[in-house]
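FYI, UniProt numbering numbers position 85 of the sequence shown as 85, with every residue one higher than the one before it.
We put the CB at the ideal spot given by N, CA and C, even for glycine.
The structure under discussion appears below in the form of structure tokens.
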Amino acid sequence: MTFDIVGSLPTPDPPALSKPWHQSVNKDLRNHIVGKIVKEIFPSIDSAAMQDQRIKDLILYARKVEKERFETASDKEEYYYLLAEHIYKIRKYLQEKKNRRLEQSQRSGDDPSLPSL
Numbered sequence: 001m002t003f004d005i006v007g008s009l010p011t012p013d014p015p016a017l018s019k020p021w022h023q024s025v026n027k028d029l030r031n032h033i034v035g036k037i038v039k040e041i042f043p044s045i046d047s048a049a050m051q052d053q054r055i056k057d058l059i060l061y062a063r064k065v066e067k068e069r070f071e072t073a074s075d076k077e078e079y080y081y082l083l084a085e086h087i088y089k090i091r092k093y094l095q096e097k098k099n100r101r102l103e104q105s106q107r108s109g110d111d112p113s114l115p116s117l
């Protein structure tokens with residue numbers, strides 16, 4: 001069973017410089033976006049994994065990415081665009097990494113579905 005990461009996130013940090021459009025983005029939405037970034041990188045997190053330092057670091061990374069986009073965007077539309085662009089880059093990177101692993105395992109004759117010893 002997966003854990004609802006969004007409900008466990010603390011309140012997002014306010015931007016260094018507030019812009020008028022920031023008022024239209026509530027804290028729940030910002031937390032939801034952080035959760036989406038985390039799930040792109042690590043799709044299924046259970047409550048036990050939340051204690052792992054790597055997951056905590058991943059959440060900090062996602063929080064940083066969201067805040068940077070929130071602060072640099074000039075409006076809500078650009079904020080969404082910047083986030084979508086970053087999520088796309090994450091997906092692309094992870095897919096390329098997966099493809100490289102598959103190619104390497106096929107060249108060495110390993111079955112990629114089996115753990116290596």
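Local conformation of residue i per DSSP, three classes
i: Thr11; result: coil
i: Ser105; result: helix
i: Phe70; result: helix
i: Pro20; result: helix
i: Asp28; result: helix
i: Ala49; result: helix
i: Asp75; result: coil
Selected residue, minimal CA-CA separation from residue i, among the options
i: Ser24; options: Glu77, Gln51, Val34 and Ala62; result: Glu77
i: Pro12; options: Asn26, Trp21 and Glu103; result: Asn26
i: Tyr81; options: Gln95, Glu66 and Leu94; result: Glu66
i: Ile41; options: Glu103, Gln95 and Arg107; result: Gln95
Distance, residue j Cα to residue i Cα
i: Ala73; j: Lys56; result: 26 Å
i: Pro10; j: His32; result: 12 Å
i: Gly109; j: Glu85; result: 36 Å
i: Leu60; j: Leu102; result: 30 Å
i: Pro58; j: Ile87; result: The sequence shown places Leu at residue 58, rather than the Pro named in the question. When rounded, the distance between both Cα atoms is 14 Å.
i: Gln106; j: Lys98; result: 12 Å
i: Lys64; j: His22; result: 16 Å
i: Lys92; j: Lys19; result: 31 Å
i: Asp52; j: Asp46; result: 10 Å
i: Ala48; j: Arg54; result: 12 Å
Contacting residues, own chain, Cβ-Cβ under 8 Å from residue i (five flanking each side not counted)
i: Glu71; result: Pro15, Ala16 and Leu17
i: Arg90; result: Before going further, note that residue 90 is Ile rather than Arg in the sequence given. Correct list, in chain order: Ile37, Glu40 and Ile41.
Cβ neighbours of residue i in the same chain (closer than 6 Å, five flanking residues each side left out)
i: Asp75; result: Trp21
The ligand GTP heavy atom lying under 6 Å from the CB of residue i
i: Lys92; result: Questions concerning the ligand GTP fall outside what the structure shown contains, since it holds no ligand whatsoever.
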